[in-house]
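Residue numbers (this note's numbering): 302 to 820.
Beta carbons: idealized from backbone N, C-alpha and C, even for Gly.
Predicted model, so just to flag it, every value in this text is computed and none were measured.
Just below is one structure, and these are the notes that go with it.
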Amino acid sequence: MSGINVDYTTLGVFIGLFVVFAILGFYGAYWRKGDLSKLDEWGLGGRRLGWLLVWFLMGADLYTAYTFIAIPSGVYASGSLFFYAVPYVAWTFGIALLTMPRLWSISRRRGYITAADFVKDRFNNRPLSVAVALTGAVAELPYIALQIFGMQAVLTVLLIGLGVTGTYGGLSVSEWALIIAFIVLAAFTITSGLRGAALTAVFKDILIWITVLTVIIAVPLAYGGFSHAFSAIEAIKGKGAAAYEFLSPSAITNYFTLALGSAMALYLYPHSINGSLSAQDTDKLKKSTSLLPLYGVGLALLVLFGILIYAVPSALSIVVSNKNGALTVPSLIAATMPSWFVGLGLVAIFVGGLVPAAIMAIGASNLLTRNVIGEFKKLSPRTESNLAKIISTVFKFAALAFIFIVQATYAVQLQLLGGILILQTLPAVFLGLYTNKLEGYSTFAGWIAGIASGVYMVLYTNNFGTLLKSYLATPYGPIYIGVLSLAINILVTVIGTLIAYGVGWRPSQKIKAEEFEVV
């Protein structure tokens with residue numbers, strides 16, 4: 302296709318770097334070798350990762366296709382509202398420093414592998430721990446699906462440039478490519494566990510930083526800078542261009558609550574907790590977390606791609622002709638960079654979906670194995686590990702099937718939907734780290750109220766149809782549903798706890814306060 306620099310050199314670089322990625326993934330089984338028949342060795346890397354590896358792992362874990370595809374796509378389509386991702390990542394690391402070292406300390410002392418392990422002991426309540434486990438696993442499914450949307454966008458641009466079309470065996474070329482990639486991912490995840498994810502995370506992050514810094518410098522210099530991009534927006538959209546420069550007063554509550562809710566949600570996800578618990582000690586965990594805002598700089602630059610694309614007509618035409626905002630970043634790279642670099646940039650985004658998908662599937666499988674199946678059937682350590690490997694594989698392909706069936710107009714809504722669900726575990730996990738004065742069944746009732754109200758509000762605000770938005774119009778302005786449902790959750794939890802106190806309940810002392818001391 303004219304206007305984009307995709308040829309067989311691009312394809313060769315893409316395939317070559319993907320092969321390196323796969324080799325690193327399989328090599329993980331031999332790197333810092335441990336007994337991978339044990340769940341903490343397979344799923345947490347033996348809790349032996351240093352600060353630099355944790356930094357790369359968490360960067361790959363948290364900065365995903367959501368960053369590379371969905372947010373720039375949102376800026377391209379709607380403007381400045383989607384800059385909420387910038388304060389969101391700034392706030393979330395403060396939350397992580399308040400919570401993750403405490404969770405790491407109690408987990409190391411008591412041998413916990415998941416947040417649900419902690420919840421079970423803290424509240425002495427099996428239904429609540431199972432609820433936390435199921436919520437974490439379910440919330441990961443749309444998040445993994447979002448990674449696949451990003452990978453699909455990369456393959457779309459690559460195949461458009463090569464002129465490859467058609468279907469084989471009822472599936473398109475891009476769908477077959479996704480299936481092959483996920484087979485490779487599943488294979489090295491089974492054999493290497495979190496070690497393979499950590500090594501591929503380093504590779505992925507290096508490629509992403511090279512891509513982002515090169516494009517954000519080269520494209521403005523070659524295409525007239527952001528002033529030209531804003532002029533192009535004005536010419537295309539007219540008065541609507543103001544939304545790309547300023548946040549309208551009516552959107553302020555939506556912007557703030559999206560950032561706040563997303564920040565509170567991020568370190569409740571199993572993949573975030575998994576990555577944190579893999580650290581060798583709390584000093585290394587705190588050091589790596591303190592340095593993660595550097596990735597926030599990269600995110601801020603990536604968000605600008607959604608504006609910069611308006612300065613590049615050939616890139617913009619790909620997005621417009623395909624009616625797919627998810628193509629924003631790959632199209633911009635393909636239209637402005639030399640063909641060999643396009644291959645590097647596209648594979649960076651592609652593996653940028655695969656690496657977090659692996660970590661997310663590991664986190665979900667740990668929960669389902671230990672805290673759902675393990676609650677009802679005692680498992681030996683080897684059986685537990687083998688079952689987690691099987692479940693992680695099934696989970697990846699369930700997410701792959703999910704995107705073939707469910708087509709979201711805005712891919713970012715998938716992550717926001719997952720955020721609404723996972724936020725309902727905040728009272729049990731985050732508040733539980735600081736107080737034992739919440740009664741277990743009241744917290745479980747709060748979880749039910751939060752999940753039910755959140756799901757209903759999502760359906761209501763979308764008129765029980767296609768998922769297009771995740772905020773609810775209120776007299777105070779639009780508010781992210783995750784924040785509203787969490788408020789309902791906490792209210793029910795507190796009222797239930799007060800009633801429990803009134804009828805004689807008193808806090809459990811199963812976990813001593815000194816066990817939370819950060820070491």
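Go through its chain and collect everything with a Cβ distance to residue i's Cβ below 7 Å, but skip five positions before and after it.
{"i": "residue 554", "result": "777, 778, 779, 780"}
{"i": "residue 692", "result": "666, 669, 670"}
{"i": "residue 426", "result": "741, 742, 745"}
{"i": "residue 315", "result": "459, 644, 647, 648"}
{"i": "residue 359", "result": "576, 589, 593"}
Can you round the beta-carbon distance between residue i and residue j to whole angstroms, since I take them to be within the 8 Å contact cut?
{"i": "residue 448", "j": "residue 657", "result": "6 Å"}
{"i": "residue 343", "j": "residue 690", "result": "7 Å"}
{"i": "residue 388", "j": "residue 566", "result": "In fact, because the Cβ distance is near 14 Å, the residues do not count as touching under 8 Å."}
{"i": "residue 355", "j": "residue 576", "result": "7 Å"}
{"i": "residue 722", "j": "residue 436", "result": "6 Å"}
{"i": "residue 659", "j": "residue 498", "result": "5 Å"}
{"i": "residue 633", "j": "residue 516", "result": "7 Å"}
{"i": "residue 595", "j": "residue 455", "result": "Between residue 455 and residue 595 the Cβ distance is about 24 Å, and since that is not below 8 Å, they are no contact."}
{"i": "residue 718", "j": "residue 443", "result": "5 Å"}
{"i": "residue 586", "j": "residue 401", "result": "6 Å"}
{"i": "residue 326", "j": "residue 500", "result": "7 Å"}
{"i": "residue 475", "j": "residue 457", "result": "6 Å"}
Give every residue of the same chain whose Cβ lies closer than 6 Å to the Cβ of residue i, excluding the five residues on either side of it in the sequence, and list them in chain order.
{"i": "residue 310", "result": "640, 641"}
{"i": "residue 748", "result": "432, 725"}
{"i": "residue 302", "result": "A caution first: residue 302 carries a pLDDT of 49, below 50, which makes its placement in the model too unreliable to give a value."}
Taking residue i as the reference, give the member of the options with the closest Cα.
{"i": "residue 547", "options": "567, 770, 384, 347", "result": "384"}
{"i": "residue 524", "options": "456, 652, 752, 610", "result": "610"}
{"i": "residue 796", "options": "739, 373, 602", "result": "739"}
{"i": "residue 588", "options": "556, 397, 324", "result": "397"}
{"i": "residue 323", "options": "493, 374, 516", "result": "493"}
{"i": "residue 394", "options": "592, 604, 809", "result": "592"}
{"i": "residue 551", "options": "798, 773, 788", "result": "773"}
{"i": "residue 390", "options": "557, 438, 535", "result": "557"}
{"i": "residue 806", "options": "439, 511, 687, 424", "result": "424"}
{"i": "residue 440", "options": "720, 758, 514", "result": "720"}
{"i": "residue 782", "options": "608, 732, 563", "result": "563"}
{"i": "residue 654", "options": "520, 694, 505", "result": "505"}
{"i": "residue 649", "options": "754, 582, 502, 734", "result": "502"}
{"i": "residue 604", "options": "364, 732, 386", "result": "386"}
{"i": "residue 529", "options": "476, 608, 584", "result": "608"}
{"i": "residue 511", "options": "426, 602, 527, 438", "result": "602"}
{"i": "residue 330", "options": "481, 428, 347, 786", "result": "347"}
{"i": "residue 339", "options": "446, 374, 364, 685", "result": "685"}
{"i": "residue 730", "options": "538, 320, 473, 418", "result": "418"}
Taking only beta-carbon positions, decide if residue i is within less than 8 Å of chain D.
{"i": "residue 645", "result": "Here there is only one protein chain, and chain D is not present."}
Whose C-beta lies closer than 8 Å to the C-beta of residue i among residues of the same chain, with five residues either side of it excluded?
{"i": "residue 636", "result": "304, 305, 306, 613, 615, 616, 619"}
{"i": "residue 313", "result": "644"}
Taking the alpha-carbon positions, what's the residue i to residue j distance?
{"i": "residue 710", "j": "residue 487", "result": "Its pLDDT being 45, under 50, residue 710 is placed unreliably by the model, and the measurement read from it follows with that caveat. Rounded to the nearest angstrom, the two C-alpha atoms are 28 Å apart."}
{"i": "residue 410", "j": "residue 813", "result": "11 Å"}
{"i": "residue 568", "j": "residue 350", "result": "18 Å"}
{"i": "residue 628", "j": "residue 416", "result": "36 Å"}
{"i": "residue 712", "j": "residue 377", "result": "Low confidence applies here, because residue 712 scores a pLDDT of 48, under 50, leaving its location unreliable; read the following figure in that light. Whole-angstrom Cα-Cα distance: 13 Å."}
{"i": "residue 407", "j": "residue 606", "result": "42 Å"}
{"i": "residue 790", "j": "residue 662", "result": "27 Å"}
{"i": "residue 571", "j": "residue 478", "result": "27 Å"}
{"i": "residue 742", "j": "residue 752", "result": "15 Å"}
{"i": "residue 485", "j": "residue 317", "result": "14 Å"}
{"i": "residue 625", "j": "residue 543", "result": "22 Å"}
{"i": "residue 403", "j": "residue 490", "result": "28 Å"}
{"i": "residue 531", "j": "residue 771", "result": "28 Å"}
{"i": "residue 372", "j": "residue 380", "result": "10 Å"}
{"i": "residue 798", "j": "residue 744", "result": "8 Å"}
{"i": "residue 357", "j": "residue 768", "result": "33 Å"}
{"i": "residue 574", "j": "residue 420", "result": "13 Å"}
Name the DSSP beta bridge partners of residue i, please?
{"i": "residue 328", "result": "Answer is none; residue 328 lacks a bridge partner."}
{"i": "residue 580", "result": "350"}
{"i": "residue 780", "result": "773"}
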